[in-house]
Each structure stands twice: as C-alpha cells, then as structure tokens.
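In the working numbering, the protein residues as written are 27 to 145. Step one of this worksheet: look at the structure below.
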C-alpha cells in the first residue's frame with residue numbers, strides 16, 4: 027500500500043501537489059528515514075517505508091498533510107490576487123483536498139491499528 031501511495035502522491039494530476047526531489051530529501055531527513063537518490067516515486071516509497079513504528083508513520087503522514095496544505099494556501103493566495111484564476115485553480119484544490127483526506131484516513135487507520143495492538 028505504501029508503494030501505491032507513493033505512486034499516487036508523485037503524480038500531480040492525481041494528488042494535486044508536486045514533490046520535488048529536494049523536498050523528498052528534506053522529508054527523509056526530518057523523518058530520519060533512509061533514502062536513495064532515484065526517481066521521485068521510488069524515493070517517496072523509501073521514505074514512507076522508513077518509519078520504525080506506526081506512530082512515526084503517522085507523523086510522516088501529517089508532514090505530508092502540512093505540505094499539501096501549503097499548496098492549498100498557495101492556490102488560495104493566487105485566487106485572492108487573481109480572482110479569474112479560480113476556475114483554473116478549483117480542480118487542483120479539489121485534488122489536494124482529496125489527497126489530504128486520504129492521508130488523514132490512512133493516519134486514522136494506523137492509529138486504530140496501533141491502539142488495538144496495545145490491547
């Protein structure tokens with residue numbers, strides 16, 4: 027599932043965001059994850075597989091949510107400055123919001139799995 031998530035996230039047409047290699051390197055460093063410089067999909071898959079436990083993966087997913095929220099803020103700023111750009115920005119904002127929703131749902135699933143494992 028993490029490979030599929032990585033494949034989706036690195037395609038702006040699906041996720042609504044663009045993760046550069048530099049941003050993936052920073053994400054790996056912040057998450058203390060391993061990373062091989064490769065194609066972006068492979069790099070993100072490596073970062074997603076690096077956490078040692080579900081809590082670390084949840085934190086990584088929240089970092090990705092924050093990254094997506096930055097993209098939303100940029101779209102909002104663009105539309106505020108150029109209102110006629112709203113029609114162009116709307117589908118991209120929808121994709122980013124869908125990505126945020128799926129990342130949060132995955133985080134919630136991980137939290138539930140972790141809670142049930144503790145019992």
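Yeah, the Cβ is synthetic: ideal placement off N, Cα and C, and Gly gets one too. The structure displayed is predicted, hence computed values, not measured ones.
Anyone know if the C-beta pair for residue 32 and residue 70 falls short of 8 Å? yes
Evaluate residue 109 with the Cβ neighbour count: other Cβ atoms within 10 Å of its Cβ, from every protein chain shown; 16 or more gives buried, anything less gives exposed. exposed
Sufficient close CB pairs (3 or more, under 8 Å) joining the region 98 to 118 to the region 61 to 68: no
Threshold first: 4 residues or longer. Then list the alpha helix (DSSP H) segments lying entirely within the region 28 to 71, N to C. 28 to 35, 38 to 41 and 47 to 56
Ignore the nearest five residues each way along the sequence and tell me which others in residue 54's own chain have a CB closer than 6 Å to its CB. Once the five neighbours on either side are set aside, the close Cβ partners of residue 54 are 61 and 73.
Is it buried or exposed for residue 43, if we count other Cβ within 10 angstroms and need 16 for buried? buried
What's the call for residue 39, buried or exposed, on a 16-neighbour Cβ count within 10 Å? exposed
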